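**Student:**
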Amino acid sequence: MSEVDCSVIVVNWNGGELLRRALGSLFSALKRAKFRYEVIVVDNGSTDGSTRIVREEFPGARLIEAGRNLGFAKAANMGMRAARGRYFLLMNNDVEVPGPEALDKLVRVMDLAPDAALAGCRQFKPDGKPSNYPYSVARAGIFASIRNLLPKVTVKKVRAFSPCSGLGRGEVVEVGMLGGAFLIARREAVDKVGMLDERFFFYGEDTDWCLRFRKAGWRMLYINSAYVVHVGAATARRVPLRTAVSRAVAKFLLFKKHGDKRLLPLALLLAILGYPFLVGLGRVARGLSREGIKSGLSVLWEGLLSIWRVALKG
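In this note's numbering, each residue carries its 1-based index in the sequence shown increased by 380.
1. Which residue marks the beginning of the beta strand (DSSP E) containing alanine 497, and which one marks its end?
2. Can you name the residues that DSSP bridges to aspartate 423?
3. Is the separation between the beta-carbon of alanine 496 and that of arginine 566 shorter than 9 angstroms?
4. What would DSSP say about arginine 642, mapped onto helix, strand or coil?
5. Mind checking who proline 510 pairs with in its DSSP beta bridge?
6. Drop a sphere of 10 angstroms on the beta-carbon of glutamate 695, count the other beta-carbons inside from all chains shown, and report buried for 16 or more, exposed for fewer.
7. Is the beta carbon of alanine 493 less than 9 angstroms from the beta carbon of histidine 638?
8. Contact defined as beta carbons within less than 8 angstroms: I believe leucine 601 pairs with valine 570. What is the distance between those atoms, to the nearest angstrom?
9. Which one of Lys595, Lys411, Phe407 and Thr623 has the shortest CA to CA distance from alanine 556?
10. Which class does arginine 566 belong to by DSSP, given the choice of helix, strand or coil?
11. Report, in whole angstroms, the separation of the C-beta atoms of alanine 462 and alanine 606, which I expect to be a contact under 8 angstroms.
12. Cutting at 8 angstroms between CB atoms, please list the residues of its own chain near proline 478, excluding the five before and the five after it.
13. Count Cβ pairs between the region 503-513 and the region 425-434 that sit closer than 8 angstroms; are there 3 or more?
14. Could you have a look at leucine 530 and say whether DSSP puts it in helix, strand or coil?
15. Rounded to a whole number of angstroms, what is the C-alpha to C-alpha distance between valine 695 and alanine 455?
16. Is it buried or exposed, glutamate 436, if we count other Cβ atoms within 10 angstroms and call 16 or more buried?
17. Can you list, in chain order, the residues of its chain with a C-beta nearer than 6 angstroms to that of valine 611? Leave out the 5 residues immediately preceding and following it.
18. Out of curiosity, what's the CA-to-CA distance linking arginine 448 and glycine 550?
19. May I ask you to list the residues that DSSP assigns as paired with leucine 470?
20. Can you tell me whether proline 645 is buried or exposed, with buried defined as 16 or more other CB within 10 angstroms of its CB?
21. Apply the 10 Å Cβ neighbour rule to arginine 412 and answer buried if 16 or more other Cβ atoms are within range, or exposed otherwise.
22. Just the C-alpha distance for leucine 650 and leucine 634, rounded to the nearest angstrom, thanks.
23. Would arginine 627 and glycine 584 qualify as a contact pair, given that the criterion is a beta-carbon distance under 9 angstroms?
24. Counting only the same chain and skipping the five closest in sequence on each side, list residues whose C-beta sits under 8 angstroms from that of glutamate 682.
25. Output needed for cysteine 590: all residues of its chain with C-beta closer than 8 angstroms, excluding positions within five of it in sequence on either side, in chain order.
26. Are glycine 336 and valine 422 close, meaning C-beta to C-beta below 9 angstroms?
27. Check whether the Cβ atoms of cysteine 386 and glycine 500 lie closer than 9 angstroms to each other.
28. Output the boundary residues of the beta strand (DSSP E) element that contains serine 430.
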């Protein structure tokens, strides 16, 4: 039996003060948690002193230095390969854990539901507003549909489901999609279905994971009675254009992997013709300097090439 119940894996890129708060809250909560744990920080080549913060202020964390920005999926996979726990808890560097309750409930729910691959909980912004919602089983398929390649897709969010037996009405519910900012995964399920797809650089890897687990017959659970604080898009705000491009590429890759193959030519056409809208080019460009626009053109071109490469590969 593993000596560790849950391995908490934090992927960081220039998180700085956000990382300090995230790890501070995490270790404070873990000291009161009811399971055995380890904390692994995978740093994606930060230049802001993040690695010093981990070494000097959080010696209880194991630091893995990637040396460069590998993207979230590849860095998280590095952490999972190094982990010893029965469960992997993937946590963004802009998440704060207010207490042990969410941690304990995630582990407990996974222990009681051996057919669940993933579980998540409620997330709130610092101002108390909801950070995100899970998606119903019926609605999760939209991420693999043509509609997801259109701008401003509206998806019905989930707020209430049938409860899972034995865990209290409404406390734990089955969902079709969970966000990856604070997500626990079962090692056994990951061993069978596979780790995160490293072709997703930043965005979409959690959606792809959920779709793959669902296809393999695993369930995903959402705990209504537990929560964490998620600043949200902290990394994305530092590199808005690259983030937008990564999102556009990821949407096409999601369709290529999980969508109707007969509609792939149409999906490619929509992805290319609608690329400026998927990226939100007008909105993003307004925040760039003249020099930034010039360098941004190479980022945009790189994204278009990525979509084309995804289309060509079987």
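Heads up, the beta-carbon is just placed ideally off N, CA and C, and yes, glycines get one too.
In this text the structure is predicted, and so the values were computed from the model without any measurement.
**Tutor:** Walking through what the data contain:
1. 496-504
2. Asn392 and Glu445
3. Cβ distance < 9 angstroms, so alanine 496 and arginine 566 count as in contact.
4. Arginine 642 falls in the helix class under three-state DSSP.
5. Phe504
6. This structure cannot speak to residue 695, because the chain is shown only from 381 to 694.
7. no
8. Going by Cβ atoms, the distance from leucine 601 to valine 570 rounds to 16 angstroms, so no, they are not a contact pair.
9. A quick correction: the sequence has glycine, not alanine, at residue 556. Residue Lys595 is the option with its Cα nearest to glycine 556.
10. strand
11. Going by Cβ atoms, the distance from alanine 462 to alanine 606 rounds to 26 angstroms, so no, they are not a contact pair.
12. Ser405, Ala409, Tyr607, Val608 and Val609
13. no
14. coil
15. This structure cannot speak to residue 695, because the chain is shown only from 381 to 694.
16. exposed
17. Asp474
18. 43 angstroms
19. Ile389 and Leu563
20. Exposure of proline 645 is indicated by the presence of fewer than 16 other C-beta atoms within 10 angstroms of its C-beta.
21. exposed
22. 14 angstroms
23. yes
24. Val625
25. Leu498, Ala520, Gly556, Met557, Leu558 and Met600
26. For residue 336 there is no data in the structure shown, the boundaries of the chain being 381 and 694.
27. no
28. Secondary structure note for serine 430: it is in no beta strand (DSSP E), and the uninterrupted alpha helix (DSSP H) holding it is 430-437.
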